[in-house]
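K.L.:
Numbering follows numbering that gives the first Met the number 0, with no gaps: position 26 of the sequence shown is 25. Backbone N, C-alpha and C define an ideal beta-carbon position, used for all residues, glycine too. Note that the coordinates shown come from a computational prediction; the quantities given were computed from them, not determined experimentally. I have a structure here, written as structure tokens, and I will follow up with some questions on it.
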Amino acid sequence: MVHDDAMLHKTPRLIDLRSDTVTKPTPAMREAMAQAEVGDDVFGDDPTVKALEAETAALLGKEAALYTPSGTMANQLAIRGHTEPGDEILVEANAHLYYYESGAPAVLSGVMCRCVNGQRGIFTGADVEAALRPADQHFPRTRLVCLENTHNRGGGKIWPIKQVQEVAATARQHGLLLHLDGARLWNASVATGVPEREYAAPFDTVSVCFSKGLGAPVGSALAGPRAFIEHVRRFRKMFGGGMRQAGIIAAGALFALRNHRARLADDHANAKALAAGLAAVRVLETEPADVETNMVRFCIRSLPAQQFVDRLRAEGVLVLAVGPNTIRAVTSLMVSSEDIQAAVATIARVLSQESQH
Ligand code: TLP
Numbered sequence: 000m001v002h003d004d005a006m007l008h009k010t011p012r013l014i015d016l017r018s019d020t021v022t023k024p025t026p027a028m029r030e031a032m033a034q035a036e037v038g039d040d041v042f043g044d045d046p047t048v049k050a051l052e053a054e055t056a057a058l059l060g061k062e063a064a065l066y067t068p069s070g071t072m073a074n075q076l077a078i079r080g081h082t083e084p085g086d087e088i089l090v091e092a093n094a095h096l097y098y099y100e101s102g103a104p105a106v107l108s109g110v111m112c113r114c115v116n117g118q119r120g121i122f123t124g125a126d127v128e129a130a131l132r133p134a135d136q137h138f139p140r141t142r143l144v145c146l147e148n149t150h151n152r153g154g155g156k157i158w159p160i161k162q163v164q165e166v167a168a169t170a171r172q173h174g175l176l177l178h179l180d181g182a183r184l185w186n187a188s189v190a191t192g193v194p195e196r197e198y199a200a201p202f203d204t205v206s207v208c209f210s211k212g213l214g215a216p217v218g219s220a221l222a223g224p225r226a227f228i229e230h231v232r233r234f235r236k237m238f239g240g241g242m243r244q245a246g247i248i249a250a251g252a253l254f255a256l257r258n259h260r261a262r263l264a265d266d267h268a269n270a271k272a273l274a275a276g277l278a279a280v281r282v283l284e285t286e287p288a289d290v291e292t293n294m295v296r297f298c299i300r301s302l303p304a305q306q307f308v309d310r311l312r313a314e315g316v317l318v319l320a321v322g323p324n325t326i327r328a329v330t331s332l333m334v335s336s337e338d339i340q341a342a343v344a345t346i347a348r349v350l351s352q353e354s355q356h
């Protein structure tokens, strides 16, 4: 285990499966942050931010990258940079940048979102074609297609590389630009062995997060062509994302990038173990074969999901209701394999208490 229990869990021991965003910096990461060389990044003076941006761009096979405070900002900068107000973007109906980003495409870029319905977030070139309309003054100009890998609301589903390439080829045939929300691209690469740069290759821009499974406290990046990254640097400032001595947090991100990617395999093994444990608890509908990375989704019918979540919280297990009957559990460096077994036991106990009522 990477984490140091004494440091990370000062308060009563909770097993936190709400998200991989809850990860706290490890002692070694904190040390790297304390030692970071810093400067005013708006003046271009922060060497640690520059190092992070260069390493991220290289890993993704792109010319340049821009450090951002959040994944939301990285996605929204991509949309802003690729479009003009009144344009339309094609997104999957459960895509984070459409579903969970507070209506930002409408406000920050003035674009319309046209939704494609995927299977756990995955769609086809034919779906893109079906959503396109002829060039005509009545229609908005379709400009950008967005994919998400791994897909959050798809339960951590990985886009098969062949299908990414097929969708990208269709988009290109129609002169469309491509953006990848790769908040958890690291997970896809660890699970499949397909390098990040190969997944990133068909896209103009890719956003990635350091503050999820990689365990850094803050930050994401947007990678793409150098001219595009310089173009959106201005929008980052406009959106309030110009940070000063950001090297302090970028050092955590850099440490995460260099040291925490391979260990995501542990999270994936823990997620599979969790799903297997839950499958054995009769009342819960879960499909262990659907668990491809660090997320487990399960349904509960006997009481509303939120009520079940509240009951579990009282027993020290935190999960998230993501629908009226659907619950999400995410593994990360905050949870050990022992925690997973304890969480399964708690869930089983709470369910059996409920069924006695
Ligand atoms: N996802 C969060 C919540 O916002 C739902 C989570 O707990 O999973 N892209 C994807 C695919 C994401 O899952 C997230 C965060 C983001 C972008 C946004 O990142 P932040 O939270 O840094 O703005």
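1. Do Arg-183 and Thr-292 have their beta-carbon atoms positioned less than 8 Å apart in this structure?
2. Less than 7 Å between the CB of His-178 and some heavy atom of the ligand TLP, yes or no?
3. Who sits around the ligand TLP, taking every residue whose Cβ is closer than 5 Å to one of its heavy atoms?
4. At the level of alpha carbons, what is the spacing between Thr-204 and Gln-172?
5. Counting along the chain, where does the alpha helix (DSSP H) carrying His-267 start and finish?
6. Mind reading off the beta-carbon distance from Leu-51 to Val-231? Whole number of angstroms is fine, and I expect it under 8 Å.
7. Compare the Cα-Cα distances from Glu-128 to each of Thr-149, Pro-139, Ala-170, Lys-156 and report the closest residue.
8. Between the Cα of Pro-358 and those of Ala-342, Ala-347, Cys-298, Thr-330, spot the shortest distance and give me the residue it belongs to.
9. Spell out the partners DSSP gives Thr-141 in its beta bridges.
10. Per DSSP, Phe-202 forms a beta bridge with which residues?
11. Among Leu-317, Arg-348, Leu-65, which has the Cα closest to the Cα of Ala-226?
12. Buried or exposed for Ala-279, going by 16 or more other Cβ atoms inside 10 Å?
13. Assign Met-237 to one of two classes, buried (16 or more other C-beta atoms within 10 Å of its C-beta) or exposed (fewer than that).
14. Could you tell me whether the Cβ atoms of Glu-147 and Gly-120 are closer together than 8 Å?
15. Enumerated in chain order, which unbroken segments of the alpha helix (DSSP H) with a length of 4 residues or greater are wholly contained in the segment 8-80?
16. Is Phe-209 helix, strand or coil when you go by DSSP?
17. For Ala-33 and Asn-258, what's the separation of their Cα atoms in angstroms?
18. Do you know offhand how far Tyr-97's Cα is from Val-110's?
19. Do you know whose CA, among Glu-83, Ala-92, Pro-224, lies nearest Arg-152's CA?
20. So does the segment 312-327 actually touch the segment 240-257, counting three or more Cβ pairs closer than 8 Å?
21. Let me know the beta strand (DSSP E) ranges lying completely inside the segment 299-343, each 3 residues or longer, listed in chain order.
22. Buried or exposed: where does His-137 fall if 16 or more other Cβ atoms within 10 Å of its Cβ makes it buried?
23. Run through DSSP, which three-state label would His-230 get?
24. What did DSSP end up calling Asp-289 once you bin it into helix, strand or coil?
25. If you check the beta carbons only, do Ala-103 and Thr-71 fall under 8 Å apart?
P.N.:
On the basis of the supplied data:
1. Contact flag set, yes.
2. Not under cutoff, so the answer is no.
3. Residues flagged by the Cβ proximity filter: Ser-18, Thr-20, Ser-69, Gly-70, Thr-71, His-95, Tyr-99, Asn-151, Asp-180, Ala-182.
4. Cα-Cα distance, rounded: 18 Å.
5. Per DSSP, His-267 belongs to the alpha helix (DSSP H) from 263-278.
6. Taking 8 Å as the upper bound for CB-CB distance, Leu-51 and Val-231 are not in contact here, some 17 Å apart.
7. With distances taken between Cα atoms, Glu-128 lies closest to Ala-170.
8. Here the chain covers residues 0 to 356 and nothing more, so residue 358 does not appear.
9. Thr-141 pairs with Glu-87.
10. Phe-202 is not bridged to any residue.
11. Check the Cα spacing between Ala-226 and each of Leu-317, Arg-348, Leu-65: the tightest is with Leu-65.
12. Answer is exposed; the Cβ neighbour count stays below 16.
13. With fewer than 16 other beta carbons inside 10 angstroms of its own, Met-237 counts as exposed.
14. Yes.
15. The segment 8-80 contains these whole alpha helix (DSSP H) runs: 26-33, 46-59.
16. It is coil, neither helix nor strand.
17. Each residue's Cα considered, the two are about 17 Å apart.
18. Each residue's alpha carbon lies about 11 Å from the other.
19. Of Glu-83, Ala-92, Pro-224, the residue nearest in Cα terms is Ala-92.
20. No, the segment 312-327 does not touch the segment 240-257.
21. Correct list: 325-329.
22. So His-137 ends up on the exposed side.
23. Under the three-state reduction of DSSP, His-230 is assigned to helix.
24. Residue state, collapsed to three classes: helix.
25. It is a contact, given that the beta carbons lie within the stated cut-off.
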